[in-house]
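**Student:** Could you have a look at this structure, given as structure tokens, before my questions?
2 protein chains.
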Amino acid sequence: MKEKYNVAVVGATGAVGTKMIEMLAESTLPLNQVKLLASKRSAGKERTFKGQTLVIEELVPESFEGIDIALFSAGGSISKQFAPEAVKRGAVVVDNTSHFRMDPDVPLVVPEVNPDALKRHKGIIANPNCSTIQLMVALEPIRKAYGLDRLIVSTYQAVSGAGIHAMEELKTQATEYINGTPAEKLAANILPCGGDKKHYPIAFNALPQIDVFSDDDYTYEEWKMINETKKIMEDDGIKVVATCVRIPVLSGHSESVYIEVKEDGADVAKIKKLIETAPGAVLQDDPSQQVYPQALMSIDRKETFVGRIRKDIDIEKGFHMWVVSDNLLKGAAWNSVQIAETLHAMDLVKV
Amino acid sequence: MKEKYNVAVVGATGAVGTKMIEMLAESTLPLNQVKLLASKRSAGKERTFKGQTLVIEELVPESFEGIDIALFSAGGSISKQFAPEAVKRGAVVVDNTSHFRMDPDVPLVVPEVNPDALKRHKGIIANPNCSTIQLMVALEPIRKAYGLDRLIVSTYQAVSGAGIHAMEELKTQATEYINGTPAEKLAANILPCGGDKKHYPIAFNALPQIDVFSDDDYTYEEWKMINETKKIMEDDGIKVVATCVRIPVLSGHSESVYIEVKEDGADVAKIKKLIETAPGAVLQDDPSQQVYPQALMSIDRKETFVGRIRKDIDIEKGFHMWVVSDNLLKGAAWNSVQIAETLHAMDLVKV
């Protein structure tokens with residue numbers, strides 16, 4: 001086990017990269033050097049890390065010489081091109097893009113759920129999609145206790161999942177609409193999805209599209225939740241389906257989750273107790289005091305908040321709940337740094 | 001059948017009352033006099049109706065002398081007190097509050113769905129809850145063709161359902177948060193629910209509470225959807241469950257709807273065709289062109305917009321869809337005026 005690590009952050013100026021730097025500063029991971037990498041355009045910009053000024057460098061294959069751990073969050077094509085370069089130079093990659101997630105050689109890890117999958121890594125570990133991670137933290141204790149037959153998820157996702165510019169776009173649109181600009185004249189250049197043809201305002205709107213559509217009329221965001229859940233829980237038999245929706249929230253994803261458990265004996269009190277003692281989860285569930293998870297209150301928190309747990313009215317083994325987490329932290333930056341911490345604890349920071 | 005009606009609007013200054021006046025102006029209902037009623041505080045204020053200036057009068061029992069149709073939207077306690085006064089004086093009441101909805105003597109009507117229920121009225125007809133109405137418009141054609149075994153609904157509801165002041169509060173909070181006021185210092189006095197103890201910001205947030213909580217940890221808003229669906233569809237056997245959530249949208253409710261039909265033979269193409277020809281519904285469903293219903297684009301439209309129709313991945317008779325409508329129009333003011341038009345067409349404007 002190394003005593004101290006050299007860590008690179010790829011995509012250091014993005015919404016997630018910025019949070020990765022914050023999370024590294026708070027991390028228990030023993031650090032030697034932290035190197036910030038980004039596109040040529042951002043090279044030369046400065047960031048503060050534990051009181052030191054770090055200058056962002058342009059990402060090139062040689063950037064990874066001497067690096068032990070590389071945290072990637074600069075888009076799938078950057079990961080595709082540069083993650084193998086990092087591994088070639090001896091770095092373990094934790095990749096926050098979707099590029100490697102379904103690769104059978106790449107573990108897809110939520111440290112509270114499937115840390116043992118890290119043992120099978122071949123240099124690259126994938127960070128699951130934001131909306132999947134918080135769902136896994138909430139549901140794994142229930143799956144362990146009662147099994148999961150079926151999930152139906154409707155998401156209420158924040159714009160920060162689409163990056164810093166999407167956050168600025170929401171604020172600008174909101175201000176303009178409040179000041180009298182009609183909906184059809186609001187400038188929209190990013191959402192629902194940077195890579196798609198049409199763009200719509202998100203301010204005071206709800207867009208039932210995240211990522212592009214697949215041929216079957218589900219979006220890729222919905223397929224991520226379906227496929228990643230099965231891979232992380234190592235159970236292809238779980239029925240999973242999702243409707244993924246962007247709402248005018250800056251950060252903090254919320255999810256309306258319906259589950260059917262397999263075994264008899266589950267009840268609301270027992271499920272609440274499971275959440276209360278689950279790693280990474282916080283029970284916020286007291287309707288008599290109007291206590292339930294809220295996106296706006298989840299910002300800058302690392303935990304996943306679970307509430308509104310109640311039995312389905314008709315289905316004996318059916319339950320509903322409301323799951324909220326900061327998509328930039330547990331959904332991305334914190335889960336990536338936590339994977340690095342876990343690799344260290346398991347002595348797996350080696351290619 | 002009367003040639004022309006005297007119509008009263010009770011709660012004329014509210015978010016729904018204002019839209020009732022607009023809808024009456026556009027209505028085919030033959031009108032003689034329109035009388036605007038509100039609390040003493042609002043008496044003397046003026047409103048324009050088809051180019052005429054109408055002065056709002058204070059609501060008293062005698063206000064209903066000579067009135068044929070009274071549209072109520074001033075809160076449950078006002079309806080409780082004054083609807084019987086109106087009926088006593090010969091008016092037919094269309095009540096937009098929840099007060100009479102589950103009364104077995106009161107028809108609960110969506111004109112596209114159960115107009116015949118109007119024949120049983122005894123002076124009072126209830127307008128269903130906003131989120132239920134649009135669900136009924138979308139699902140009734142499917143129920144008729146294939147039967148409905150089960151519904152799971154997650155709502156994305158606009159603040160205008162909580163009134164004009166909630167809309168102002170959202171705009172003020174959004175502006176203040178954008179200008180740097182931290183979440184914990186945002187003034188919140190109305191949402192999630194005027195009648196409950198605690199209030200939370202709605203700007204850049206999602207609140208999984210609408211109306212107060214029942215003892216079973218469902219909210220009354222959720223129970224409205226459950227009970228009203230069964231009453232309108234005249235089928236206590238339909239399994240219905242809901243999670244009702246307020247999001248920072250000014251007007252336009254969205255719903256993520258999962259259904260399981262009873263009969264064999266349903267498919268996405270057939271369901272799309274049913275929606276296309278359903279009264280009051282508009283199919284907006286072309287993922288290849290990013291066409292789907294959007295709350296912001298539903299404002300001031302009377303229709304219910306349906307899209308993202310797709311088969312469940314695992315369940316043969318399961319389907320998902322996205323249903324959007326202007327909660328102030330089809331969800332409230334337009335449905336009420338449409339009930340009045342239907343009463344007229346069926347010669348039922350009599351107590």
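If you read the sequences in order, they're chains A and B. Numbered according to UniProt numbering, the first sequence spans residues 1 to 351. Numbered according to UniProt numbering, the second sequence spans residues 1 to 351. Note that the Cβ used here is the ideal one computed from N, Cα and C, for glycine as well. It should be emphasised that the depicted structure is a prediction, and the values quoted were computed from it without experimental measurement.
Going along the chain, which residues of its own chain have a beta-carbon closer than 6 Å to the beta-carbon of lysine 231/B, five neighbours each way excluded?
**Tutor:** Within the second sequence, residue 231/B is the residue found at index 231, counting from 1. These residues qualify, in order along the chain: Leu108.
**Student:** Verify the CB distance criterion: does residue 353/B have a CB-CB separation below 8 Å to chain A?
**Tutor:** Any answer about residue 353/B is impossible in this case: the structure gives chain B only from 1 up to 351.
**Student:** Under 6 Å Cβ to Cβ from isoleucine 275/A, same chain only, skipping five residues before and after it: list those, please.
**Tutor:** Looking up residue 275/A in the first sequence gives position 275. Counting only Cβ-Cβ distances below 6 Å, and skipping sequence neighbours, we find Ala281, Leu283 and Val306.
**Student:** Under the rule that 16 or more other beta-carbon atoms within 10 Å means buried, what is lysine 185/B, buried or exposed?
**Tutor:** Position 185 of the second sequence, counted from the first residue, corresponds to residue 185/B. Counting Cβ neighbours within 10 Å, lysine 185/B comes out exposed, since fewer than 16 surround it.
**Student:** Who are the neighbours of glutamine 284/A on chain B, taking C-beta pairs under 7 Å?
**Tutor:** Residue mapping note: residue 284/A aligns to position 284 of the first sequence, counting from 1. The premise fails here: glutamine 284/A is roughly 10 Å from chain B at the closest Cβ pair, so nothing lies under 7 Å.
**Student:** Tell me, to the nearest whole angstrom, how far the beta carbon of tyrosine 292/B is from that of glutamine 209/A; I am working on the premise that it is less than 8 Å.
**Tutor:** Here residue 292/B refers to the residue found at position 292 of the second sequence. Here residue 209/A refers to the residue found at position 209 of the first sequence. With 8 Å as the limit, tyrosine 292/B and glutamine 209/A qualify as a contact, their Cβ atoms being about 7 Å apart.
**Student:** Can you check DSSP and say which residues form a bridge with leucine 118/B?
**Tutor:** Indexing the second sequence from 1 puts residue 118/B at position 118. Bridge partners of leucine 118/B: none, in fact.
**Student:** Among Leu29/A, Ala117/A and Thr229/A, whose alpha-carbon lies nearest the alpha-carbon of glutamate 140/A?
**Tutor:** As a first step, residue 140/A must be located in the first sequence, where it is residue number 140. The candidate whose alpha carbon is nearest that of glutamate 140/A is Thr229/A.
**Student:** Is there a C-beta anywhere in chain B that falls below 8 Å from the one on aspartate 312/A?
**Tutor:** Sequence index remark: in the first sequence, residue 312/A carries index 312 (1-based). Closer than 8 Å: yes.
**Student:** Taking glutamine 33/A as part of the beta strand (DSSP E), name the residues at either end of that continuous run.
**Tutor:** On the first sequence, position 33 is the one that residue 33/A refers to. Unbroken beta strand (DSSP E) run through glutamine 33/A: 31-38.
**Student:** Alpha carbon to alpha carbon, how far is alanine 126/B from proline 104/B? Give it in angstroms, no decimals.
**Tutor:** The residue you call residue 104/B lines up with position 104 of the second sequence. The residue you call residue 126/B lines up with position 126 of the second sequence. Rounded to the nearest angstrom, the two C-alpha atoms are 11 Å apart.
**Student:** Counting pairs of beta carbons, one from the stretch 4-20 of chain A and one from the stretch 320-333 of chain A, are three or more of them closer than 8 Å?
**Tutor:** The answer is yes - the stretch 320-333 of chain A touches the stretch 4-20 of chain A, with three or more Cβ pairs under 8 Å.
**Student:** In chain B, what lies closer than 7 Å to isoleucine 152/A by C-beta?
**Tutor:** Position 152 of the first sequence, counted from the first residue, corresponds to residue 152/A. Neighbours of isoleucine 152/A on chain B, chain order: Ile152 and Tyr258.
**Student:** I'd like to know if proline 111/A contacts chain B, where contact means its C-beta is closer than 8 Å to some C-beta of that chain.
**Tutor:** Mapped onto the first sequence, residue 111/A falls at position 111. Chain B, which has no Cβ nearer than 8 Å to the Cβ of proline 111/A, makes this no.
**Student:** Residues in its own chain within less than 7 Å of aspartate 326/A by CB, not counting five upstream and five downstream?
**Tutor:** Start at 1 with the first residue of the first sequence, and residue 326/A comes out as number 326. Once the five neighbours on either side are set aside, the close Cβ partners of aspartate 326/A are Ser251, Gly252, Ser298, Ile299, Asp300 and Arg301.
**Student:** When you compare each of Lys35/B, Ser73/B and Ala25/B to glycine 51/B by their alpha carbons, which one comes out closest?
**Tutor:** As a first step, residue 51/B must be located in the second sequence, where it is residue number 51. Residue Ala25/B is the option with its Cα nearest to glycine 51/B.
**Student:** Using the beta-carbon count (16 or more within 10 Å), is arginine 310/A buried or exposed?
**Tutor:** For the purposes of this step, residue 310/A is identified with residue 310 of the first sequence, where counting begins at 1. So arginine 310/A ends up on the buried side.
**Student:** Identify whether glutamine 209/A lies in helix, strand or coil by the three-state DSSP scheme.
**Tutor:** Counting from one through the first sequence, the residue named residue 209/A turns up at place 209. In the structure shown, glutamine 209/A sits in coil (DSSP, three-state: anything other than H, G, I, E or B).
**Student:** Could you tell me the boundaries of the alpha helix (DSSP H) in which glutamine 338/A lies?
**Tutor:** In the first sequence, the residue the question calls residue 338/A occupies position 338. Taken as a continuous stretch (DSSP letters only), the alpha helix (DSSP H) holding glutamine 338/A covers 334-345.
**Student:** What would DSSP say about glutamate 65/B, mapped onto helix, strand or coil?
**Tutor:** Position 65 of the second sequence, counted from the first residue, corresponds to residue 65/B. In the structure shown, glutamate 65/B sits in coil (DSSP, three-state: anything other than H, G, I, E or B).
**Student:** What residues from the stretch 193-205 of chain A come within 7 Å of chain B, judged by C-beta to C-beta, listed N to C?
**Tutor:** Listed by position, the residues of the stretch 193-205 of chain A near chain B (Cβ gap below 7 Å) are Asp196, Lys197, Lys198, Tyr200, Pro201, Phe204 and Asn205.
**Student:** Against chain B, with Cβ distances strictly below 8 Å, would threonine 28/A count as a contact?
**Tutor:** For the purposes of this step, residue 28/A is identified with residue 28 of the first sequence, where counting begins at 1. No, no contact with chain B.
**Student:** Smallest Cα separation from proline 111/B: which of Ala138/B, Phe100/B and His99/B?
**Tutor:** Taking the second sequence and counting its residues from 1, the one referred to as residue 111/B is at position 111. Cα-wise, what sits closest to proline 111/B is Ala138/B.
**Student:** At the 8 Å Cβ level, is glutamate 261/A part of the contact set with chain B, yes or no?
**Tutor:** Stepping through the first sequence from its first residue, residue 261/A is reached at position 261. Per the sequence shown, residue 261/A should be read as valine rather than glutamate. Not closer than 8 Å to any Cβ of chain B, the Cβ of valine 261/A fails to qualify, so no.
**Student:** Rank Leu71/B, Lys4/B and Glu57/B by C-alpha distance to the C-alpha of glutamate 22/B and give the top, closest one.
**Tutor:** Here residue 22/B corresponds to residue number 22 of the second sequence, with the count starting at 1. Residue Leu71/B is the option with its Cα nearest to glutamate 22/B.
**Student:** With 8 Å as the threshold, decide whether the Cβ of tyrosine 220/B is near any Cβ in chain A.
**Tutor:** The residue labelled residue 220/B in the question sits at position 220 within the second sequence. It does not: the Cβ of tyrosine 220/B has no partner Cβ on chain A nearer than 8 Å.
**Student:** On the DSSP bridge list, what partners appear for tryptophan 322/A?
**Tutor:** On the first sequence, residue 322/A is found 322 positions in, with the first residue counted as 1. Answer is Ser256/A and Gly307/A, bridged to tryptophan 322/A.
**Student:** One question on the structure: do alanine 12/A and alanine 43/A come within less than 8 Å of each other, judged by their Cβ atoms?
**Tutor:** Taking the first sequence and counting its residues from 1, the one referred to as residue 12/A is at position 12. Taking the first sequence and counting its residues from 1, the one referred to as residue 43/A is at position 43. No, the Cβ-Cβ distance between alanine 12/A and alanine 43/A is not below 8 Å.
**Student:** Under 7 Å Cβ to Cβ from alanine 242/B, same chain only, skipping five residues before and after it: list those, please.
**Tutor:** Reading the second sequence from its first residue, position 242 is the one you call residue 242/B. Excluding sequence neighbours, alanine 242/B sits near Val153, Thr155, Glu222, Met225 and Ile226.
**Student:** At 3 residues or longer, and completely inside the stretch 77-154 of chain A: list those beta strand (DSSP E) runs for me, N to C.
**Tutor:** You should have 92-95 and 124-126.
**Student:** For a contact defined as C-beta to C-beta under 7 Å, what are the partners of tyrosine 292/A on chain B?
**Tutor:** Within the first sequence, numbered from 1, the residue matching residue 292/A stands at position 292. What tyrosine 292/A touches in chain B: Pro208 and Gln209.
**Student:** Quick test of your reading: valine 245/B and alanine 158/B, contact by CB under 8 Å. State the CB separation rounded to the nearest angstrom.
**Tutor:** Translated into the one-based positions of the second sequence, residue 245/B becomes position 245. Translated into the one-based positions of the second sequence, residue 158/B becomes position 158. With 8 Å as the limit, valine 245/B and alanine 158/B do not qualify as a contact, their Cβ atoms being about 11 Å apart.
**Student:** Hey, quick one: how far does the beta strand (DSSP E) through valine 16/A stretch, first residue to last?
**Tutor:** The residue labelled residue 16/A in the question sits at position 16 within the first sequence. Run containing valine 16/A: none in the beta strand (DSSP E); it sits in the alpha helix (DSSP H), 15-26.
**Student:** Quick one: what's got a C-beta closer than 6 Å to glutamate 169/A's C-beta in the same chain, skipping five residues either side?
**Tutor:** Residue 169/A sits at position 169 when you count from the first residue of the first sequence. Same-chain partners within the cutoff: Ile190.
**Student:** Helix, strand or coil: how does DSSP classify tyrosine 5/A here?
**Tutor:** For the purposes of this step, residue 5/A is taken as the residue at position 5 of the first sequence. Tyrosine 5/A: strand per DSSP, three-state reduction.
**Student:** Since lysine 239/A is in the beta strand (DSSP E), which residue starts that stretch and which ends it?
**Tutor:** Taking the first residue of the first sequence as 1, we reach residue 239/A at position 239. Segment 239-243, the beta strand (DSSP E) holding lysine 239/A.
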